[in-house]
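Okay, structure first, notes after.
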Amino acid sequence: MTQRSQLARLGLFDAKVPRYTSYPTAPHFSNDAGPDTFSSWISQIAPGSAISLYVHVPFCRRLCWFCACRTQGTQSDDPVRAYLKVLRAEIAMLGEKLPEGVTLSRLHWGGGTPTLLQPDMMTELAGAVAEIAPFSDDSEFSVEIDPNEIDAARLDALAAAGMNRASIGVQDFDPEIQETIGRPQSFEVTKQAADMIRDRGIRSLNADILFGLPHQTNARMTESVQKLLSLSPDRVALYGYAHVPWMAKRQQMIPSEALPTPEARLELFETARKLFLWDGYDEIGIDHFARPDDGMAKALKAGTLKRNFQGYTDDQAEVLIGVGASSISRFPQGYAQNAPATSAHTKAIRDGRFSTSRGHVFQGEDRLRGRLIEALMCDFRISSAEITARFGIADADLQKMYSAAAKAFPEMLQITQEGLFIPEGSRPLTRMIARAFDAYDMSKAGHSAAI
Numbered sequence: 000m001t002q003r004s005q006l007a008r009l010g011l012f013d014a015k016v017p018r019y020t021s022y023p024t025a026p027h028f029s030n031d032a033g034p035d036t037f038s039s040w041i042s043q044i045a046p047g048s049a050i051s052l053y054v055h056v057p058f059c060r061r062l063c064w065f066c067a068c069r070t071q072g073t074q075s076d077d078p079v080r081a082y083l084k085v086l087r088a089e090i091a092m093l094g095e096k097l098p099e100g101v102t103l104s105r106l107h108w109g110g111g112t113p114t115l116l117q118p119d120m121m122t123e124l125a126g127a128v129a130e131i132a133p134f135s136d137d138s139e140f141s142v143e144i145d146p147n148e149i150d151a152a153r154l155d156a157l158a159a160a161g162m163n164r165a166s167i168g169v170q171d172f173d174p175e176i177q178e179t180i181g182r183p184q185s186f187e188v189t190k191q192a193a194d195m196i197r198d199r200g201i202r203s204l205n206a207d208i209l210f211g212l213p214h215q216t217n218a219r220m221t222e223s224v225q226k227l228l229s230l231s232p233d234r235v236a237l238y239g240y241a242h243v244p245w246m247a248k249r250q251q252m253i254p255s256e257a258l259p260t261p262e263a264r265l266e267l268f269e270t271a272r273k274l275f276l277w278d279g280y281d282e283i284g285i286d287h288f289a290r291p292d293d294g295m296a297k298a299l300k301a302g303t304l305k306r307n308f309q310g311y312t313d314d315q316a317e318v319l320i321g322v323g324a325s326s327i328s329r330f331p332q333g334y335a336q337n338a339p340a341t342s343a344h345t346k347a348i349r350d351g352r353f354s355t356s357r358g359h360v361f362q363g364e365d366r367l368r369g370r371l372i373e374a375l376m377c378d379f380r381i382s383s384a385e386i387t388a389r390f391g392i393a394d395a396d397l398q399k400m401y402s403a404a405a406k407a408f409p410e411m412l413q414i415t416q417e418g419l420f421i422p423e424g425s426r427p428l429t430r431m432i433a434r435a436f437d438a439y440d441m442s443k444a445g446h447s448a449a450i
């Protein structure tokens, strides 16, 4: 039986599974976590800790049809300035609650399009963050940059604020594909943005590219990846396009008949994967690639690679706090999510309270199963010694979990004295294998294609 037929037999081309950027996944969050829970978890951060901070800017000048993020379009700066005022108030409230000596190991601005902020707004936002916590040693300040929505003045403001990693969205360079997904962005515009970033001494550059887009072929994928490689990004995220028009209404603009089949999606992924490997990138987890000297590649080799809402990370902070509408925070005790709607978030902050509207308090085997899934997603292996020592689970009980997964995926997993391992040929199944360790009901949420 060929590898392709084995993957098909096990349901790879039909399955819908979580991306596992959290455990449990966001659809299982409830109203058990509110503003008081969020405040309590902040107060329990150890003084002097290094934490991460995510700032969400939900505005875009145009709404790309492929995007499923919570965003809203605006051609005016007025709502953005009003939102910035709310962000400043929220950050100040957070600063009042943070224990002494807390520093930032990571600061990330996402969205939306954070680069639609005017230079003075960028300086104002960066200053608000600096007032509550300084950067720690070896910190990283990254910003998602839309090449269509950036200029010299804004990059100067970001560089002056300390940005040392930039992330640019590419998606695909083919004009027909760009038109179909509502994201016109020429290679020339993208290269100009990358050059401007590096001209300001910002050496670390990330890029996102998608497979599974309408009208995508192996030839077009090859051309887009080769153009991207000419920009020499330090990290690349090769995400599978998730077509969920029942959740993201704007995706109804994309003709479903133009989408590649699941089998073709796997071929597109493999085409891009081989090109990145041939160009000297290290493979990171299921969908990232990094230069060998990049921090993410080093974390993989050291066994310290992690997974969070932005995907893979080398950040070792135990606490990630999200500010802005819809942002999710992660604590050792659980997850807390702000009100998704900008209006509801704004009202809460103006009323002097955090907007936490849902979340999850860890219970039972959540931490254990979350770590098992993270280990598979990051390293394709579970170390029995680590798990038994960290969580106190009996080795016999852990072996039962391994056996159940191996039974669900016959001949696709290896179980040894060291633990469980996913061989290279089985790795397209990784998210499905991770699901075997998920104790929550999958029927409660619509997830994306397994490949």
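Numbering that gives the first Met the number 0 numbers the first residue of the sequence shown as 0 and each following residue consecutively. Beta carbons are placed, not taken as given, at the ideal position from N, Cα and C, and that holds for glycine.
Asked                                                                                                                 : Found
Nearest-angstrom Cα separation, counted from A403 out to A456                                                         : As displayed, the chain neither begins before 0 nor continues past 450, which places residue 456 out of reach and without an answer.
DSSP beta-bridge partners of L319                                                                                     : S51, R329
Secondary structure of Y311, DSSP reduced to three states                                                             : strand
L11 (DSSP reduced to helix, strand or coil)                                                                           : coil
Cβ neighbour criterion (16 or more within 10 Å) applied to G284                                                       : buried
Sub-8 Å separation of P448 and M246 beta-carbons                                                                      : Checking the sequence shown, residue 448 turns out to be Ala, not Pro. Against a cut-off of 8 Å, the Cβ pair of M246 and A448 comes out as no contact.
Neighbour-count burial assignment, W108, 16 or more Cβ in a 10 Å radius                                               : buried
Limits of the unbroken beta strand (DSSP E) element including N205                                                    : 203 to 210
Pairwise C-alpha distance: G161 and A125                                                                              : 9 Å
Assigned exposure category for N30 - 16 Cβ within 10 Å defines buried                                                 : exposed
First and last residue of the uninterrupted beta strand (DSSP E) at S135                                              : 134 to 144
Limits of the unbroken alpha helix (DSSP H) element including E282                                                    : Note, E282: premise wrong, no alpha helix (DSSP H); beta strand (DSSP E) at 281 to 283.
Simplified DSSP state of T429, which is helix, strand or coil                                                         : helix
Residue span of the alpha helix (DSSP H) that contains I386, given as start and end                                   : 383 to 390
Terminal residues of the beta strand (DSSP E) in which Y22 lies                                                       : That residue, Y22, is in no beta strand (DSSP E); it is neither H nor E in DSSP.
C-alpha distance - P339 paired with T114, whole-angstrom precision                                                    : 21 Å
Cβ neighbour criterion (16 or more within 10 Å) applied to E139                                                       : buried
Nearest-angstrom Cα separation, counted from I50 out to P331                                                          : 12 Å
Counted within 10 angstroms of its Cβ, other Cβ atoms place E143 as buried (16 or more) or exposed                    : buried
In chain order, each alpha helix (DSSP H) run of at least 4 residues that lies wholly inside the segment 165 to 238   : 174 to 180, 186 to 198, 217 to 228
Straight-line gap, G33 to F308 (C-alpha atoms, nearest Å)                                                             : 20 Å
Counted within 10 angstroms of its Cβ, other Cβ atoms place D145 as buried (16 or more) or exposed                    : buried
Cα-Cα separation between Q315 and E256, rounded to whole angstroms                                                    : 43 Å
Residues of its chain near P183, where Cβ-Cβ distance is below 6 Å and the 5 sequence neighbours each way are ignored : Q177
DSSP three-state assignment for V56, whether helix, strand or coil                                                    : strand
G424 burial status per 10 Å Cβ neighbour count (16 or more: buried)                                                   : exposed
For L209 and P486, the rounded distance between their alpha carbons                                                   : The shown model of the chain, from 0 to 450, leaves out residue 486, and the question about it has no answer.
Neighbour-count burial assignment, H40, 16 or more Cβ in a 10 Å radius                                                : The identity of residue 40 in the sequence shown is Trp, whereas the question assumes His. Buried, because 16 or more other Cβ atoms sit within 10 Å of the Cβ of W40.
Segment contact, 8 Å Cβ cut-off, at least three pairs: the segment 415 to 429 with the segment 20 to 28               : no
Every unbroken alpha helix (DSSP H) within the segment 58 to 104, with a cutoff of 4 residues, ordered by chain       : 77 to 96
Any non-hydrogen atom of the ligand ADP closer than 7 Å to M220 Cβ                                                    : With respect to small molecules bound, the structure shown includes none, and the ligand ADP cannot be examined in it.
Which of helix, strand or coil DSSP assigns to A335                                                                   : strand
Beta-bridge partners of Q413, as assigned by DSSP                                                                     : F420
Selected residue, minimal CA-CA separation from H242, among S223, Q225, G211                                          : G211
Environment of R368 [buried if 16+ CB atoms lie within 10 Å]                                                          : buried
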